[in-house]
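*Asks:*
2 protein chains.
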Amino acid sequence: MARNSDGTKRAAILDAAVVEIARHGYHQTTVAMVARRAGVADGTIYLYFRNKEEILFSLFERAMGRFISEGRSQVDQGTTAREKLRRIVELHLTLVGKDRDLAIISQVELRHSLHFMDQLSRNQVGEYLTILGEVVAQGMEEGSFRHDLDPVFAAKAIFGVLDEMATDWVLSRRNKRLESQAKAVVDFLLGGLSINPAV
Amino acid sequence: MARNSDGTKRAAILDAAVVEIARHGYHQTTVAMVARRAGVADGTIYLYFRNKEEILFSLFERAMGRFISEGRSQVDQGTTAREKLRRIVELHLTLVGKDRDLAIISQVELRHSLHFMDQLSRNQVGEYLTILGEVVAQGMEEGSFRHDLDPVFAAKAIFGVLDEMATDWVLSRRNKRLESQAKAVVDFLLGGLSINPAV
DNA sequence: TAGTATACTGAATAGTCATTCATTTTATCC
DNA sequence: GGATAAAATGAATGACTATTCAGTATACTA
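Taken in sequence, the protein lines are chains A and B. Positions 13 to 211 (our numbering) are the ones given, in order, by the first sequence. Positions 13 to 211 (our numbering) are the ones given, in order, by the second sequence.
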């Protein structure tokens with residue numbers, strides 16, 4: 013039952029799926045296409061995944077796992093909340109911008125169904141938002157962030173900005189690097205639009 | 013060739029599609045299901061729409077049309093950039109929050125494929141972003157917004173925050189009204205996180 | 001009211017693909 | 001090297017559904 017001992021074949025299938033799904037979309041991608049690119053037989057896919065949808069889930073788990081562990085690591089390397097925020101913004105944009113195929117999947121293909129998004133947001137994305145929320149809470153304690161923020165709300169807002177930049181980059185044909193937006197994002201998040209926010 | 017003179021039947025089909033697609037997702041919704049709910053025969057659908065995908069497109073056009081025209085109207089009713097921003101944020105959250113089925117479609121189901129999103133963002137969403145960008149530019153001229161903003165960037169960031177709030181509301185089971193977040197959103201957009209943004 | 005154009009119907013078609021499983025290949029062990 | 005188990009294969013299956021179109025109903029005209 014141990015399949016191909018190391019995760020080699022499973023990883024190969026996931027790698028193939030990233031390319032095919034990014035190129036054709038989840039629904040236009042057949043299991044046979046993934047099998048072909050991975051260099052295995054159609055049936056082999058089912059030794060590693062219960063069904064086609066589970067490939068998509070696993071894809072996301074693998075990618076989001078990196079996101080979360082590297083995110084935590086970046087946060088731990090910073091000291092002030094501002095610095096932590098800067099680090100996490102840079103990480104987010106860098107990771108998404110590193111692999112366009114994967115970006116297409118995370119920004120577009122994974123958002124297919126309510127059921128699916130629900131699962132994702134409950135688990136992986138939720139943990140990511142928690143990290144963001146902790147940074148905001150620290151900033152409030154430090155006194156560098158406004159005292160009237162709600163960290164849960166702010167975490168979502170931060171995520172919203174990052175996510176929109178990522179989606180915009182995926183949809184644009186320009187090949188300007190995504191991480192080049194990091195400074196603008198941080199400035200916007202810290203300072204907002206207003207010159208004098210105290211209305 | 014004039015079909016059913018007024019747009020009655022076409023609208024009925026779109027209305028039915030909203031409900032079915034919101035409930036089951038685009039791919040699990042069959043043309044027959046839409047026809048049944050609309051009270052027409054399967055074939056009738058094809059008198060009004062070239063194919064299934066065109067239903068989805070039309071759905072979005074109809075909804076986004078309201079968004080843009082009401083958005084312009086709200087913006088025109090405001091005088092200062094701040095006030096315009098507040099109005100548009102409230103409108104956005106109110107419109108999305110008004111109809112959960114439609115919200116599911118705009119936040120989830122419409123993001124089906126790269127090709128599809130591309131079309132949308134180029135047309136409808138692009139126009140919406142333009143409106144937001146104009147408000148930002150006005151704020152900069154007025155002197156109420158920071159002079160170092162890029163209106164195109166800021167428009168995307170604003171949209172990102174609004175979109176994330178909308179998606180979060182769709183996914184959450186809580187029935188807190190979406191528009192109750194308007195003040196928090198405006199405060200965040202205007203003031204950002206920092207107490208003293210001038211780093 | 002007959003005749004014609006328009007709108008609608010829904011059963012049949014035609015194709016697609018996820019998934020299965022009997023069979024073959026490869027690895028392991030004594 | 002023969003036996004056994006684990007992995008992998010890929011052709012066949014079965015289910016599903018978008019779309020078509022020959023036929024029917026309805027509205028309009030003169």
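Glycine residues also receive a C-beta, built at the ideal position from the N, C-alpha and C atoms. Computed from a predicted structure; not experimentally measured.
Go ahead and label A:Q225 buried or exposed: buried means 16 or more other beta carbons lie within 10 angstroms of its beta carbon, across all protein chains shown.
*Replies:* The requested residue 225 of chain A does not occur in the structure, where chain A is confined to residues 13 to 211.
*Asks:* Helix, strand or coil: which one does DSSP assign to A:F72?
*Replies:* Residue mapping note: residue 72 of chain A aligns to position 60 of the first sequence, counting from 1. Helix.
*Asks:* When you measure from the CB of A:L205 to every non-hydrogen atom of the ligand FAD, does any distance come out below 7 Å?
*Replies:* No copy of the ligand FAD appears in this structure; indeed no ligand is present at all.
*Asks:* Taking the C-alpha atoms as reference points, what is the distance between A:A14 and B:A34?
*Replies:* Looking up residue 14 of chain A in the first sequence gives position 2. Looking up residue 34 of chain B in the second sequence gives position 22. With a pLDDT of 43 at A:A14, under the threshold of 50, the modelled position of this residue cannot be trusted; read the value that follows with caution. So the two alpha carbons sit approximately 41 Å from each other.
*Asks:* Quick one: complete alpha helix (DSSP H) runs, 4+ long, within the stretch 59-144 of chain B?
*Replies:* Complete alpha helix (DSSP H) runs here, min 4: 64-89, 93-110, 112-119, 126-132.
*Asks:* First and last residue of the alpha helix (DSSP H) that includes B:H39?
*Replies:* Translated into the one-based positions of the second sequence, residue 39 of chain B becomes position 27. Neither: B:H39 is in no alpha helix (DSSP H) and is coded neither H nor E.
*Asks:* Compute the Euclidean distance between the alpha carbons of A:A24 and A:D111, then round it to the nearest angstrom.
*Replies:* What you label residue 24 of chain A is simply residue 12 of the first sequence in a count that begins at 1. What you label residue 111 of chain A is simply residue 99 of the first sequence in a count that begins at 1. Going from the Cα of A:A24 to the Cα of A:D111 covers about 16 Å.
*Asks:* Which chain B residues are close to A:M129, counting only those with a beta carbon under 7 Å from its beta carbon?
*Replies:* On the first sequence, residue 129 of chain A is found 117 positions in, with the first residue counted as 1. Chain B residues near A:M129: V120, L183.
*Asks:* Between B:M129, B:V198, B:Y140, B:S206, which lies nearest to A:W181 when the distance is taken from Cα to Cα?
*Replies:* The residue given as residue 181 of chain A occupies position 169 in the first sequence. It is B:M129.
*Asks:* Tell me, please, whether the CB atom of A:V148 is closer than 8 Å to any CB atom in chain B?
*Replies:* The count along the first sequence starts at 1 and reaches residue 148 of chain A at position 136. Answer yes: the Cβ-Cβ gap between A:V148 and chain B drops below 8 Å somewhere.
*Asks:* When DSSP labels each residue in this structure, what does A:S206 get in the three-state scheme?
*Replies:* Sequence index remark: in the first sequence, residue 206 of chain A carries index 194 (1-based). Here A:S206 sits in strand by DSSP.
*Asks:* Based on the DSSP secondary-structure assignment, which residues constitute the bridge partners of B:F157?
*Replies:* In the second sequence, the residue the question calls residue 157 of chain B occupies position 145. In the DSSP output, where bridge partners are listed per residue, B:F157 has A:S206.
*Asks:* Counting pairs of Cβ atoms below 8 Å between the stretch 185-197 of chain B and the stretch 186-195 of chain A, do you hit three or more?
*Replies:* No, because fewer than three Cβ pairs between the stretch 185-197 of chain B and the stretch 186-195 of chain A fall closer than 8 Å, the two stretches do not touch.
*Asks:* Beta-carbon of B:R62 versus every beta-carbon of chain A: anything under 8 Å?
*Replies:* Within the second sequence, numbered from 1, the residue matching residue 62 of chain B stands at position 50. Output row for B:R62: interface = no.
*Asks:* If you drop the 5 nearest sequence neighbours on each side, which residues of the same chain put their C-beta closer than 7 Å to that of A:G37?
*Replies:* Residue numbering aside, residue 37 of chain A sits at position 25 when the first sequence is read from its first letter. Answer for A:G37: E121, listed in chain order.
*Asks:* For chain A, check one thing: does any of its Cβ atoms lie closer than 8 Å to the Cβ of B:D27?
*Replies:* Numbered from its first residue, the second sequence carries residue 27 of chain B at position 15. No - not a single Cβ of chain A is within 8 Å of the one on B:D27.
*Asks:* Listed in chain order, which residues of the stretch 154-179 of chain A have Cβ atoms closer than 9 Å to some Cβ of chain B?
*Replies:* Of all residues in the stretch 154-179 of chain A, G155, S156, F157, R158, H159, D160, L161, D162, F165, A166, K168, A169, I170, F171, G172, V173, L174, D175, E176, M177, T179 have a Cβ within less than 9 Å of some Cβ in chain B.
*Asks:* With DSSP run on the structure shown, which of helix, strand or coil describes A:D21?
*Replies:* Position 9 of the first sequence, counted from the first residue, corresponds to residue 21 of chain A. Inspection of the sequence shows that residue 21 of chain A is occupied by Lys rather than by Asp. Here A:K21 sits in helix by DSSP.
*Asks:* Work out the CA separation of A:I67 and B:Q131 for me, nearest whole Å.
*Replies:* Counted from its first residue, the second sequence places residue 131 of chain B at position 119. Counted from its first residue, the first sequence places residue 67 of chain A at position 55. Distance between the alpha carbons of B:Q131 and A:I67: 27 Å.
*Asks:* For A:I80, tell me which candidate among A:T179, A:Y58, A:E139, A:K64 has the shortest Cα-Cα distance.
*Replies:* Within the first sequence, residue 80 of chain A is the residue found at index 68, counting from 1. Nearest option by C-alpha distance: A:E139.
*Asks:* Using beta carbons (cut-off 8 Å, strictly below), is B:L71 in contact with chain A?
*Replies:* Taking the second sequence and counting its residues from 1, the one referred to as residue 71 of chain B is at position 59. So, not an interface residue.
*Asks:* For my contact list, A:S156 and B:G203 are in at a C-beta cut-off of 8 Å; report their separation, rounded to the angstrom.
*Replies:* Within the first sequence, numbered from 1, the residue matching residue 156 of chain A stands at position 144. Within the second sequence, numbered from 1, the residue matching residue 203 of chain B stands at position 191. About 14 Å separates the two Cβ atoms, so there is no contact after all.
*Asks:* To the nearest whole angstrom, what separates the beta carbons of A:G151 and A:R94, a pair I think is in contact under 8 Å?
*Replies:* Within the first sequence, numbered from 1, the residue matching residue 151 of chain A stands at position 139. Within the first sequence, numbered from 1, the residue matching residue 94 of chain A stands at position 82. Contact holds; Cβ gap of about 7 Å.
*Asks:* In chain order, what residues of the same chain have a beta carbon less than 8 Å from the beta carbon of A:L107, not counting five sequence neighbours either side?
*Replies:* Reading the first sequence from its first residue, position 95 is the one you call residue 107 of chain A. Closer than 8 Å at the Cβ level, and outside the excluded window around A:L107, lie R78, F79, E82.
*Asks:* Indicate whether at least one CB of chain A lies closer than 8 Å to the CB of B:R74.
*Replies:* Position 62 of the second sequence, counted from the first residue, corresponds to residue 74 of chain B. Cβ-Cβ to chain A under 8 Å: no for B:R74.
*Asks:* Whole angstroms are fine: how far does the CA of A:E153 sit from the CA of B:F165?
*Replies:* For the purposes of this step, residue 165 of chain B is taken as the residue at position 153 of the second sequence. For the purposes of this step, residue 153 of chain A is taken as the residue at position 141 of the first sequence. Between B:F165 and A:E153, the C-alpha separation is close to 30 Å.
*Asks:* Could you tell me the boundaries of the alpha helix (DSSP H) in which B:D180 lies?
*Replies:* Here the question's residue 180 of chain B lines up with position 168 in the second sequence. 163-183 is the extent of the alpha helix (DSSP H) around B:D180.
*Asks:* Taking 8 Å as the threshold (C-beta atoms), are B:E32 and B:T41 in contact?
*Replies:* Here the question's residue 41 of chain B lines up with position 29 in the second sequence. Here the question's residue 32 of chain B lines up with position 20 in the second sequence. Yes, they are a contact pair.
*Asks:* Return the residue from the list B:A169, B:S184, B:M177 that minimises the CA-CA distance to A:L201.
*Replies:* Mapped onto the first sequence, residue 201 of chain A falls at position 189. Among B:A169, B:S184, B:M177, the Cα nearest to that of A:L201 belongs to B:A169.
*Asks:* Classify A:A28 as helix, strand or coil using the three-state DSSP reduction.
*Replies:* Within the first sequence, the letter at position 16 stands for residue 28 of chain A. Residue state, collapsed to three classes: helix.
*Asks:* State the Cα-Cα distance for the pair A:E73 and B:L59, rounded to the nearest angstrom.
*Replies:* Counting from one through the first sequence, the residue named residue 73 of chain A turns up at place 61. Counting from one through the second sequence, the residue named residue 59 of chain B turns up at place 47. Taking the straight line from one Cα to the other gives about 43 Å.
*Asks:* Note down the Cα distance separating A:E102 from B:A50, rounded to an integer number of angstroms.
*Replies:* Within the first sequence, numbered from 1, the residue matching residue 102 of chain A stands at position 90. Within the second sequence, numbered from 1, the residue matching residue 50 of chain B stands at position 38. Roughly 49 Å between the two C-alpha positions.
*Asks:* Shorter than 8 Å from the beta carbon of B:L103 to some beta carbon of chain A?
*Replies:* As a position in the second sequence, residue 103 of chain B is number 91, starting the count at 1. No, its Cβ sits nowhere closer than 8 Å to a Cβ of chain A.
*Asks:* Note down, in chain order, every chain B residue with its Cβ under 8 Å from the Cβ of A:A33.
*Replies:* Walking along the first sequence from the start, residue 33 of chain A turns up at place 21. A small fix is needed here, since residue 33 of chain A is Ile in this sequence, not Ala. Neighbours of A:I33 on chain B: none; closest Cβ ~10 Å, over 8 Å.
*Asks:* Does the beta carbon of A:A194 come closer than 8 Å to any beta carbon on chain B?
*Replies:* The residue labelled residue 194 of chain A in the question sits at position 182 within the first sequence. Output row for A:A194: interface = no.
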